[in-house]
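What follows is one structure encoded as structure tokens, with my remarks underneath.
Protein chains in written order, with my numbering: chain B, 472 to 481; chain P, 30 to 244.
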């Protein structure tokens, strides 16, 4: 899903 | 978001604030490697290309702006501020960091999550961050006197990545799909570099001697 692909960590 | 990642981000923020404090309070950047600061500016610019395209959270966006802004401000200060620039150890800060840039970029072309511009630059920034501290460690070794703010800067910078390792362990245990191998392995290499520094830093602190990093 989208959120798994984007890097949510800094 | 978990406590380890929040602690890591806060420690990272502290390391940047310590550095800004040192430069503004003492109007000096002695003991600080400009090359490491330039590498960090490249790390943040290439990692946060999604700043304007992917909105994760207000926290995420604000922190990205802070890291990009502070790293560029420090580089500007060390290069152009008429007082600060005079205290830069130009002749000691001679690490050939083009090697670090080249190897990280080649590695990113080979190892990445997806072959897109953003993902290749993201992987590049992860690999580059792991080795970005090397010019600073070499400078500390050469300048001998571990100016305590410079030492504290490296300490917090190392602690932040150690917290992130706890964060990756936590996410591995709690999330069914763990896809952060690039960050995790690179983060382990990065922390290993600091562990080495911490060992010699602790020894010098215990013996109240000058920091002697191995050649």
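Think of the CB as a built atom: it goes at the ideal place given N, C-alpha and C, for glycine as much as any other residue.
Using C-beta distances below 7 Å, list every residue in its chain close to residue i, excluding the 5 sequence neighbours before and after it, in chain order.
i: residue 40 of chain P; result: 185, 188, 189 and 192
i: residue 137 of chain P; result: 149, 152, 153 and 156
Can you give me the Cβ contacts of residue i inside the same chain, cut-off strictly under 6 Å, excluding the 5 residues immediately before and after it?
i: residue 473 of chain B; result: With a pLDDT of 47 at residue 473 of chain B, under the threshold of 50, the predicted position of this residue should be treated as unreliable, and no value is reported.
i: residue 64 of chain P; result: 122, 124, 126 and 164
Could you work out which residues of chain B lie near residue i, taking near to mean beta carbons separated by less than 8 Å?
i: residue 89 of chain P; result: 479 and 481
i: residue 96 of chain P; result: 481
i: residue 79 of chain P; result: 477 and 478
Contact check, residue i vs residue j under 8 Å by CB: the rounded distance?
i: residue 194 of chain P; j: residue 217 of chain P; result: 7 Å
i: residue 182 of chain P; j: residue 44 of chain P; result: 6 Å
i: residue 161 of chain P; j: residue 77 of chain P; result: The Cβ separation is near 15 Å, so there is no contact.
i: residue 52 of chain P; j: residue 103 of chain P; result: 7 Å
i: residue 100 of chain P; j: residue 73 of chain P; result: 5 Å
i: residue 196 of chain P; j: residue 96 of chain P; result: With a Cβ gap of about 17 Å, residue 196 of chain P and residue 96 of chain P do not count as contacting.
Residues of chain B with a CB under 7 Å from the CB of residue i: which are they?
i: residue 83 of chain P; result: 477
i: residue 225 of chain P; result: Result: empty, since nearest Cβ-Cβ is about 24 Å, beyond 7 Å.
i: residue 34 of chain P; result: 480
i: residue 38 of chain P; result: 481
For residue i, I'd like the list of residues in its chain whose CB is within less than 8 Å of its CB, leaving aside the five on either flank, ordered along the chain.
i: residue 90 of chain P; result: 80 and 84
i: residue 49 of chain P; result: 99, 102 and 103
i: residue 107 of chain P; result: 52, 58, 61, 63, 66, 113, 114 and 117
Does residue i have its Cβ less than 7 Å from a Cβ in chain D?
i: residue 118 of chain P; result: Among the chains of the structure shown, chain D does not appear; the protein chains present are B and P.
In chain B, what lies closer than 9 Å to residue i by C-beta?
i: residue 212 of chain P; result: 478 and 480
- So does the stretch 48–68 of chain P actually touch the stretch 109–123 of chain P, counting three or more Cβ pairs closer than 8 Å? Result yes; three or more Cβ-Cβ pairs closer than 8 Å.
- Item | Entirely enclosed alpha helix (DSSP H) segments - the stretch 153–228 of chain P, minimum 4 residues | If only uninterrupted alpha helix (DSSP H) runs of at least 4 residues are considered, those enclosed by the stretch 153–228 of chain P are 163–172 and 177–203.
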